[in-house]
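Visitor: Just so we're aligned, residue 3 is where the sequence shown starts under the numbering used here, counting upward by one.
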Amino acid sequence: MFKDAATEQLFALREARYLTAMRGGTPDRIPIRFFMQEAAARVAGFTIQQVATDYNMAFEATRQAGEMLGCDAVMLNAIWSTYTVAKAAGWRYLYVPGVDVELNSVLQFGEPTRPEDEFLKEDEYEEFTEDPTAFLVNKWMARAGRRVQPQGAPVDFDHNVSLWSGALAYANYMHAFGPAAQRLKEQSGIVSANAGMIKAPFDILCDKFRGFMNAAVDTIERPDTVIKACEALIPHIVANALGGADPDKKAPITIWAHRGCVPFISHETFNTIMWPTLKPVFEEIIAKGYQILFYGEGNWEAHYDTLRTLPAGSIIYHLDRGNPETAARAFKDRFAISGGMSYDVLARGSQQDVRDHLKELFAVMKPGGGYILDASALMLNDVKPENLKAAVDYTMEHGVYSQSSPAPARGTVTPATIPQGFRAPNTVRPWSVEKQDYRQLAGDVAMVKSAWERTDAFTYNHLWTTVLW
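1. In three-state DSSP terms, what is W302?
2. Just to check my reading of the structure: H238 and P427 have Cβ atoms closer than 8 Å, yes? What is that Cβ distance to the nearest angstrom?
3. Per DSSP, R31 forms a beta bridge with which residues?
4. Per DSSP, what kind of secondary structure is P99 in: helix, strand or coil?
5. Closer than 8 Å is the cut-off here; do at least three beta carbon pairs connect the stretch 317–332 with the stretch 363–371?
6. With DSSP as the reference, identify every bridge partner of M38, one or two as the case may be.
7. Return the bridge partner residues of M143 from the DSSP annotation.
8. Where do the ends of the beta strand (DSSP E) carrying T256 lie?
9. Strictly by DSSP, which residues pair up with G341?
10. On the criterion of 16 or more Cβ atoms from any shown chain inside 10 Å, does K89 qualify as buried, or is it exposed?
11. On the DSSP bridge list, what partners appear for Y373?
12. What separation, rounded to the nearest whole angstrom, lies between the Cα atoms of L235 and E286?
13. Helix, strand or coil for A75? Go by DSSP, reduced to three states.
14. For my contact list, A349 and K386 are in at a C-beta cut-off of 8 Å; report their separation, rounded to the angstrom.
15. Run the CB neighbour count on K201, radius 10 Å, all protein chains shown included, and call it buried at 16 or more, exposed below.
16. Looking at the structure shown, is F364 part of a helix, part of a strand, or coil, going by DSSP?
17. According to DSSP, simplified to helix, strand and coil, what is Y292?
18. Whole-angstrom Cβ separation of R2 and L186, contact assumed at under 8 Å?
19. Ordered along the chain, which non-local residues of its own chain (more than five positions away) have a Cβ less than 8 Å from that of S2?
20. Roughly how many angstroms lie between the CA atoms of R412 and G27, to the nearest whole one?
21. DSSP three-state call for I471: helix, strand or coil?
22. Determine, using beta-carbon pairs with one atom in the stretch 243–262 and one in the stretch 187–206, whether at least three such pairs fall under 8 Å.
23. Just reading off the alpha helix (DSSP H) that D160 is part of, what are its end residues?
24. Among A195, V228 and L170, which has the Cα closest to the Cα of G68?
Have a look at this one:
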């Protein structure tokens, strides 16, 4: 329940503004949607260690910062708030400020660099491709975690505790999202900017299995093998994205697209591996009525023509690196755009620098609507709070439209059939296996089966969210 009628009205106005712009229409004003990480702590007066250690403080920092600045929408899911999950499960690849890295640093992710650290060995591609979920259970968890023992090794105290505490910590974290979203909405009148997440299959292969250097070599030495592995990931990426999506289909599902741009991979690798295994993910999600926030980390100008092949209105393109005029020419007639506000100016410029920069940016992005203000990249602890406030104030004055217009119709797509693999999404221990342990099976068997499959899906969600985040 909203704290008062004014907050309820404010939320309705902000939600309408945000939805209109995302869908390519012209709202009353450019929406202000900030994706803040450690910057939220700095604005709201929390320490980096507090928000890195306690996800409830992280949620609260985001809410307070959004309210103090006057944002229309913020990203509730701050990546920097998973200490308890990471340490309970014993993850090797997450480095927490004050625990693994310097106190005033930021939360960081690592990936395998040495052969002995690889989560997927060079000769295990076939095993992984055959049954990715089984590979996670049988091998990945022991390699990605510090305390889970590999198959065949003696099971010890730490192994058992890690499995229990990791699952419980994950469940508690996931259950905290709903109340945090309600507080954001009902106490502050702010919109949750996104829900659900996508990563490209090749990005996942780099991040959580082979490491970028190994995967890059694999694209040259065994490209067909890499393609098959990426294809095996597709149904699980789709299932995970839809599992965390907004049931009302208002908030977009975000893809954090960070390895497909120049200079990480060649045009050939993009055209033969990256895009052919990412496009089916997009098409499946778009066909179900969701928008995708394409958070293009780096400079994606080399692939603008490819992105334009997606249905009109199906994505919001987030501009990080690259020329705003080039992005506007490429997308304004087809997709909404967010971002483009210089991170360097926010972190190292003055308030006047912010105003001068936004004057130039709005000259390109404001005409015709379909633009959402945000920094070019996720905001870390070097962003100056006074510069964020200057950006908000400038937008309140100069981001207003004289006339609104509705969003154009969204394009549609018919997705290709995605093979579900040996072990279908949302399944770890199939009912056909589970029921064999029962002494009897009588009465409403369908009810029993349904109850088991819901429980099994929770286990699946824990496994794959751990991998895909």
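Cβ atoms here follow ideal geometry from the backbone N, Cα and C, with glycine treated the same way.
Guide: In terms of the structure at hand:
1. Reduced to three states, the DSSP call for W302 is coil.
2. Sure, about 6 Å apart at Cβ, within 8 Å.
3. V402
4. strand
5. Enough Cβ pairs lie closer than 8 Å, so yes.
6. M381
7. Note: M143 sits in no beta bridge, so no partner.
8. I255 to A259
9. L321
10. Within 10 angstroms of the beta-carbon of K89 lie 16 or more other beta-carbons, which makes it buried.
11. I339
12. 14 Å
13. strand
14. That belief holds up - the Cβ atoms of A349 and K386 are roughly 7 Å apart, short of 8 Å.
15. buried
16. Of the three classes helix, strand and coil, the one that applies to F364 here is helix, per DSSP.
17. coil
18. Past the boundaries of the shown model lies residue 2; the chain is included only from 3 to 471, so the question cannot be answered.
19. Outside the displayed range of the chain (3 to 471) lies residue 2, so it cannot be described from this structure.
20. 11 Å
21. This sequence places Trp at residue 471; Ile is not what is there. It is coil, neither helix nor strand.
22. yes
23. F159 to S190
24. A195
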